[in-house]
Structures are given as C-alpha cells and as structure tokens.
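Novice: Take a look at this one; I'll ask things after.
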Amino acid sequence: MRNIIGGVLVSAAFIGPAVSAQAQDLVVRIDDLASSHSANVACIDTYVNGIARAVEVMPVCAWFPEAAKMLQEHPGLDVGVHLTITSEWENVKWRPLTSCPTLVDEDGYFYPMMGPNKAYPGQSVMENLEKMDLKEIEQEFRAQIELALKHIPQVTHLTGHMGSCRFSPEVAAIVAKLSEEYCLPSMDSPDSKEKHSFQGVGYGGPHGTLEEKKASFIKMLDKLEKGKRYVFLDHPAYNDSEMAEVWHIGYETVAEDRQGVTDLLKSPEVKKAIEEKGIRLIDYNYLTKQLPRKEASSRMKKAMDKYLAAVAKAGQDLHSIMIVKDGNVIYENWMSEGKENEPHILNSVSKTFTSTAVGFAISEGYFKLEDKVADIFPEYLPENPDENLLAMTVKDLLTMNCGHSTDPTRLAWSSEDDWRKLFLSHPVTHKPGTIYCYNSLGTYMLSAIVQKYTGEKLTEYLYPRLFRPLGINNVSWAESPQGINTGGWGLYLKTEDLAKMGQMLLQKGKFNGKQVVPQWWVEEASSAQVQSVPAGINSEMISQLPKNSRKTSDWLQGYGYQMWRCRNNAFRADGANGQYIIMIPDKNAVVVTTADIKDMQEEINLIWKHILPAL
0 MRNIIGGVLV
10 SAAFIGPAVS
20 AQAQDLVVRI
30 DDLASSHSAN
40 VACIDTYVNG
50 IARAVEVMPV
60 CAWFPEAAKM
70 LQEHPGLDVG
80 VHLTITSEWE
90 NVKWRPLTSC
100 PTLVDEDGYF
110 YPMMGPNKAY
120 PGQSVMENLE
130 KMDLKEIEQE
140 FRAQIELALK
150 HIPQVTHLTG
160 HMGSCRFSPE
170 VAAIVAKLSE
180 EYCLPSMDSP
190 DSKEKHSFQG
200 VGYGGPHGTL
210 EEKKASFIKM
220 LDKLEKGKRY
230 VFLDHPAYND
240 SEMAEVWHIG
250 YETVAEDRQG
260 VTDLLKSPEV
270 KKAIEEKGIR
280 LIDYNYLTKQ
290 LPRKEASSRM
300 KKAMDKYLAA
310 VAKAGQDLHS
320 IMIVKDGNVI
330 YENWMSEGKE
340 NEPHILNSVS
350 KTFTSTAVGF
360 AISEGYFKLE
370 DKVADIFPEY
380 LPENPDENLL
390 AMTVKDLLTM
400 NCGHSTDPTR
410 LAWSSEDDWR
420 KLFLSHPVTH
430 KPGTIYCYNS
440 LGTYMLSAIV
450 QKYTGEKLTE
460 YLYPRLFRPL
470 GINNVSWAES
480 PQGINTGGWG
490 LYLKTEDLAK
500 MGQMLLQKGK
510 FNGKQVVPQW
520 WVEEASSAQV
530 QSVPAGINSE
540 MISQLPKNSR
550 KTSDWLQGYG
560 YQMWRCRNNA
570 FRADGANGQY
580 IIMIPDKNAV
590 VVTTADIKDM
600 QEEINLIWKH
610 ILPAL
C-alpha cells in the first residue's frame, strides 16, 4: 500500500535475553574515552564485543576527534559528556577549551588532583578552590558540552571526571543549570541516584588480577536485587606501549589494570552469568528517559490475549506492540523479528517526523506554509514551468495536494537526476491544493527545504529539538545521493521511541511537562486539512470505492500534515507493512505497532475490535 525505499538497519551489540520489568537493571559504564588511543579502541571493543552500555567522553583530550568518529560509527552506544577539570597523569596533560586562568596551574594545565594528595602538594582543585572563578567553570563546562554535541549526536547525559560535578554546592548548581538547558541529565550530581532511582555498585572483593576481577564482578552480580537499578563503572584500555607511559604517583600499574578491565567486560563467563541471572543491561538514556510502567487492568490483559489470538489466526506478522494509557506503558510485547533494543524500519512513519521538523523550522522563522516551492528551488525548475508548478506551496507538500496525478517517488529509484529536479519536473496536472495524491517524494522535498534553510540534515536539526528531549537515541535515517535525509521513508527507531513520539503528539506537543513541539503545529498537523484517499489511488478514483468505504476505511478520514485521521476520533502516523503510531485522545492512549503486514486495514481493524474497548 505504500512506496518504500529501504534503509540500512543499525546493528546492536549483545543485549541479553528479554526479561520482565522485575529484572535487575544494570548500566555498565566505561569512562575516559578520548584520553588515549588505547582507551578509545578498548571502549568501543567492550561495547561491540562486551557488556559496556554507556561511555563517558572527554572533549578536552587530544584523542577526542578520533573518539567522536568512532562514536558516529556506533550510534547505539550511549554517550555522556565527561566534564573535566583535572589532569591527573604524569606524561600527558589536558588544557581547558576556553580561557580560564583561575582553573589551571602555572603551565596552563588543569590541576592533577581533585582533593589534596601528599604526592602532589598544593596541586589539587580543592586546595585552589577559593581563587577559582565560577563563571570560568560554567564557561568551560559549557564549551565541553557544545564540542561534544557538535560531533556526537547520541550524547544523552553528563558525568564528571574525578567528581567534577559535585566538588562544591556552587559547582553542583552550575551542572544542574547546564543539565536543564541542554536536556542532559547529570548522572554524577549529589541528587542523581535519588532522582533517577539507581545505586552505584563496585567489585565484590579483590580485583587486582583478571581472575580476581571476574570473580568479584560475578559476586557483585549475585547481590543485585530484582526490580532495582544499578550502575557499575570502570576504565578499559590496553596494556600497550602507549598506556605503559600513563600513570601518576600511587597508581603506576595503569596499563595492566585497565587491560584487565577490558578483558573482564568481554569475558564469556561474565556474559553467561548476566544471562543466567536474568540481568537486563541498560544504558543511561533508558534509565533516565524510559516511559513509566503500570500494570494493565485485568480487562486489558484479557483483551490482549484475544487480540494476539486474532493476530495469529489472521496470519499477521506482528513484530512489536506497545500501549500507553494515561502516560504509562501498560502493555508491551516483542515477537517475530521485533526486538526491544533494536531499531525497526518505520517506512512512512518517517513522514511525521519530517513534518515535525517543518513545524520547528516555521516556528523559528525559516520559511512559511505559503512559500512557493518554485521560489525555494529556482535552480531545479524545468524550462518554462507551468502555472500549477509555480503555484505549489510548502503546505501543498505537507498535505499531499501537490497537483500530481501520480506519485513520482518510484522515479527516484533508478534516476541519476537530482531528486529535487526530478520532483519539479514531474507533471503538475492539477491546481495544487485541489486534489490528494499520496506523494513520498513530496516529503523528501520538505526534508530538502529544512536542510536548505537550516543548514542541517533532519537528523541533526531534530536531535536538540525533538530526539534529545524525548530521549530518542540511535537515530538512523537514509539519505538521497545528494546527502539529504529521505524524509518520507528510511528512518529507523525503537518501539518505545515511537511511543514517546505518540505520547508527545497526544499531549499537543508536551512531554514530561515541557512544551517540546509548538502546540499550534500539533493541532494543525493532526487535524483533517484535506480529504484523503488510500495510497496508490487519487481523488479522481474515489467514486470507484464502495459506498460504505468512509465508515470502514481509516484512509478516508482526512489528512493533516503528514498524519492521517482515523475512525474513533483518532489520528496516526503509519508506514508500509504495518508500522503504526495511533493517538486516541478520547482514551488518552497511544498504540504502537511494528510489523510486516500487507493488509494494514485489517491490522488496524483488530486494534479497534479488541484493544480500543479495553482502554
């Protein structure tokens, strides 16, 4: 029912078995990415081949550029900005990113220690605290955050190197301010454990050698309680010539020790112990921005049993389903190809995210709904463009009322022409705004417009405005040969990411009490702006449909800005083969599915029949 151009699924590292909400949740955090090449390679190794789930990057360090490139290649790895104000090693030192003379020693380096140390008299932050300017601390921390965000889209939180987030109440207040401003929870602040309901854990015994590390780590695992959340941290690296020169007085065995950490985090025995104990490996993003859970009513449980039986009877290949009621996830299930922690192809659900980007851009004054597409891209116009083409507006793209009789999207699959030129060359046989024709390449043009005016691809533009506030990470979106996100397809996200998007739309742009997307945009985008028809036909063919089609079809209820109206006063984002975000205001509920189902009307019929009455 939809035209689709496939993208590339981002693979995930070892996740472990699916477990219940009463599992022991464990964040395995690794620190000091960018401090050395050795640390960089080891950190990525312990994520790809081990159990590490969150890594803390130090933008002040010399190896940051390499670290940033590695993280771009591994978008599933959760990243924190490791705010740094010390430089502890003897043979390698770090300077601040900004001019902050009160924070450095006579050579311009950060002080080596946070607290007083006999081996380094007078060379600690705490011994020099009185002369430090708080404005310089905020300035420096802000610069470190900005540099990380510039190069690493999946940054989700803040941490502190050697206690830099909490060494004074004033500094803690600065970090809290920055955390709020950048929507990056601070995980090392004085109140972080209470605020996010987790406990820090360490080795359960001696941990000098690798064997001691493994035994002590597994001993620690034995003490984890079901239904609680924990964070373990250590510092992987390799015992190589580079690390052999990294040390400070009192800690001379850095290379040997950190090789042991690397081996521990990749250990088959440790992986097996985690699996056998039913421990769920999570990251900080999940810890801080997971939707709240609530047990479903007995009525809903019975309804879901009937629904899943009906799905099986109909032979539908359902991959996942998540139901949110009153802001709480009350049901979730993954089956077939669906996986809780892996992104799924969204097909045309991508369009709703593109529309949201357009809403941001219009609100920020980049362009207007009434702007003419021809005026935006005059260089791609055909010779002697007709009046219909010249009349096409941004709003016409949003509502799929471009004036085309056929969808030009398939032409992009084999054409070597620039996709903008291809779209503008397609015959506009009707006056724009008068006829609906499903048009994925029109959505691509919206992506191109956002990129032209903002200078950023959709993914880059949406990270600080939408993805980060909603806690959506590991975003992958296909691009055209011209380096523009495809817009109408090609986005991959996890099931819970879709539920977060749905909850935000249900609340007219609010999420966790904050107005993320302008309310006026959500209201317009989710309203019936034009009469819709199923994809693959146009408005001229509507007379051929059965007389009762409007009562039985969810494709004839009207179309907004890249969102469909549904029966039951609902609205939805949908994508080929059964991808749905269904917002049901009358029930204060959201239903999300991923699937490989050809008959999408039958899919939604079962939702209306079994799930809707139980909400």
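Residue numbering for the sequence shown follows numbering that gives the first Met the number 0, beginning at 0 and increasing consecutively. All C-beta atoms in this analysis are idealised placements derived from N, C-alpha and C, irrespective of residue type, glycine included.
1) From Gly114 to Gln122, what distance separates their C-alpha atoms?
2) Using 8 Å as the Cβ pair cut-off and three pairs as the minimum, do the segment 598–611 and the segment 347–358 touch?
3) Does the distance from the C-beta atom of Tyr558 to that of Ala524 stay below 7 Å?
4) Based on the DSSP secondary-structure assignment, which residues constitute the bridge partners of Tyr437?
5) Starting from Gly259, trace the alpha helix (DSSP H) both ways and give me its first and last residue.
6) Determine the direct distance from the alpha carbon of Asp221 to that of Val269, and round the result to whole angstroms.
7) Provide the residue span of the alpha helix (DSSP H) that contains Trp520, from first to last.
8) Using three-state DSSP, classify Trp476 as helix, strand or coil.
9) Could you name the residues that DSSP lists as bridge partners for Gln578?
10) Hey, could you find the ends of the alpha helix (DSSP H) Met599 is sitting in?
11) Pro205: which of Gln198, Gly199, Ala214 and Phe197 sits nearest, CA to CA?
12) Report back the beta-carbon spacing between Met186 and Leu223 to the nearest angstrom; my notes put them in contact at under 8 Å.
13) Looking only at its own chain, which residues have a Cβ that is under 6 Å from the Cβ of Ala486, when we skip the five neighbours before and after it?
14) Less than 7 Å between the beta carbons of Gln153 and Val78, yes or no?
15) Look up Leu504 in the DSSP assignment and say whether it is helix, strand or coil.
16) If you draw a straight line from the alpha carbon of Arg566 to that of Leu286, how long is it in whole angstroms?
17) So which of Leu263, Pro120, Ala373 and Arg279 has the shortest CA-CA distance to Ile248?
18) As an exercise, report each continuous beta strand (DSSP E) stretch of at least 3 residues that is fully enclosed by the segment 213–238, in chain order.
19) Distance check for Leu209 and Gln695, CA to CA, integer angstroms please.
20) Between which two residues does the beta strand (DSSP E) carrying Asp595 extend?
21) Give the straight-line distance between the Cα atoms of Leu82 and Lys134, rounded to the nearest whole angstrom.
22) For His160, does the three-state DSSP call read helix, strand or coil?
23) Helix, strand or coil for Ala527, going by three-state DSSP, please let me know.
24) Near Glu601, what residues of its chain come up, given a Cβ to Cβ distance below 8 Å and the 5 sequence neighbours on each side ignored?
25) For Tyr634, which residues from the same chain have a beta carbon less than 8 Å from its beta carbon, with the 5 sequence-adjacent residues on both sides left out?
26) According to DSSP, is Tyr443 part of a helix, a strand, or is it coil?
27) Tell me whether Lys324 sits in a helix, a strand or coil according to DSSP, three-state version.
28) Cβ atoms of Gly577 and Ile606: under 7 Å apart, would you say?
29) Pull up the distance between the alpha-carbon of Gln530 and that of Ser349, whole angstroms please.
Specialist: Considering the structure as presented:
1) Sequence index remark: in the sequence shown, residue 114 carries index 115 (1-based). Sequence index remark: in the sequence shown, residue 122 carries index 123 (1-based). When rounded, the separation of the alpha-carbon atoms in Gly114 and Gln122 is 9 Å.
2) Verdict: no, contact absent.
3) As a working mapping, residue 558 is identified with position 559 in the sequence shown. As a working mapping, residue 524 is identified with position 525 in the sequence shown. Not in contact: Tyr558 and Ala524 (Cβ atoms no closer than 7 Å).
4) Looking up residue 437 in the sequence shown gives position 438. DSSP, once it has assigned bridges, lists no residue as partnering Tyr437.
5) Counting from 1 along the sequence shown, the entry for residue 259 is found at position 260. Counting along the chain, the alpha helix (DSSP H) containing Gly259 begins and ends at Val253 to Lys265.
6) Working through the sequence shown from its first residue, we reach residue 269 at position 270. Working through the sequence shown from its first residue, we reach residue 221 at position 222. One alpha carbon belongs to Val269, the other to Asp221, and they sit about 12 Å apart.
7) What you label residue 520 is simply residue 521 of the sequence shown in a count that begins at 1. Start and end: Gln518 to Ala524.
8) Along the sequence shown, one-based indexing puts residue 476 at 477. Here Trp476 sits in strand by DSSP.
9) As a working mapping, residue 578 is identified with position 579 in the sequence shown. The partner list for Gln578 (beta bridge, DSSP) reads Gly574.
10) As a position in the sequence shown, residue 599 is number 600, starting the count at 1. Per DSSP, Met599 belongs to the alpha helix (DSSP H) from Met599 to Leu605.
11) Within the sequence shown, residue 205 is the residue found at index 206, counting from 1. Closest option to Pro205, Cα to Cα, is Ala214.
12) Along the sequence shown, one-based indexing puts residue 186 at 187. Along the sequence shown, one-based indexing puts residue 223 at 224. Their Cβ separation, rounded to whole angstroms, is 19 Å, which puts Met186 and Leu223 out of contact at 8 Å.
13) Stepping through the sequence shown from its first residue, residue 486 is reached at position 487. Note on identity: in this sequence residue 486 is Gly, with Ala being the wrong assignment. Same-chain partners within the cutoff: Thr353, Thr442, Tyr443, Leu445 and Ser446.
14) Within the sequence shown, the letter at position 154 stands for residue 153. Within the sequence shown, the letter at position 79 stands for residue 78. Cβ distance < 7 Å, so Gln153 and Val78 count as in contact.
15) On the sequence shown, residue 504 is found 505 positions in, with the first residue counted as 1. If DSSP states are grouped into helix, strand and coil, Leu504 belongs with the helices.
16) Residue 566 sits at position 567 when you count from the first residue of the sequence shown. Residue 286 sits at position 287 when you count from the first residue of the sequence shown. In this model, Arg566 and Leu286 are separated by some 36 Å (Cα to Cα).
17) Numbered from 1 along the sequence shown, position 249 holds the residue referred to as residue 248. When each option's Cα is compared against that of Ile248, the closest is Pro120.
18) Counting whole runs of 3 or more residues, the segment 213–238 contains the beta strand (DSSP E) stretches 228–233.
19) Outside the displayed range of the chain (0 to 614) lies residue 695, so it cannot be described from this structure.
20) Here residue 595 is taken as the residue at index 596 of the sequence shown, counted from 1. That run of the beta strand (DSSP E) goes Ala588 to Asp595.
21) The residue you call residue 82 lines up with position 83 of the sequence shown. The residue you call residue 134 lines up with position 135 of the sequence shown. Roughly 15 Å between the two C-alpha positions.
22) For the purposes of this step, residue 160 is taken as residue 161 along the sequence shown, with counting starting at 1. His160 falls in the helix class under three-state DSSP.
23) Sequence index remark: in the sequence shown, residue 527 carries index 528 (1-based). Coil.
24) The residue you call residue 601 lines up with position 602 of the sequence shown. Only Ala313 and Gln315 meet the Cβ criterion.
25) The requested residue 634 does not occur in the structure, where the chain is confined to residues 0 to 614.
26) Within the sequence shown, the letter at position 444 stands for residue 443. Residue state, collapsed to three classes: helix.
27) The residue labelled residue 324 in the question sits at position 325 within the sequence shown. Here Lys324 sits in strand by DSSP.
28) As a first step, residue 606 is located in the sequence shown; it is residue number 607 there, counting from the start. As a first step, residue 577 is located in the sequence shown; it is residue number 578 there, counting from the start. Not in contact: Ile606 and Gly577 (Cβ atoms no closer than 7 Å).
29) The residue given as residue 530 occupies position 531 in the sequence shown. The residue given as residue 349 occupies position 350 in the sequence shown. The alpha-carbon atoms of Gln530 and Ser349 are separated by roughly 21 Å.
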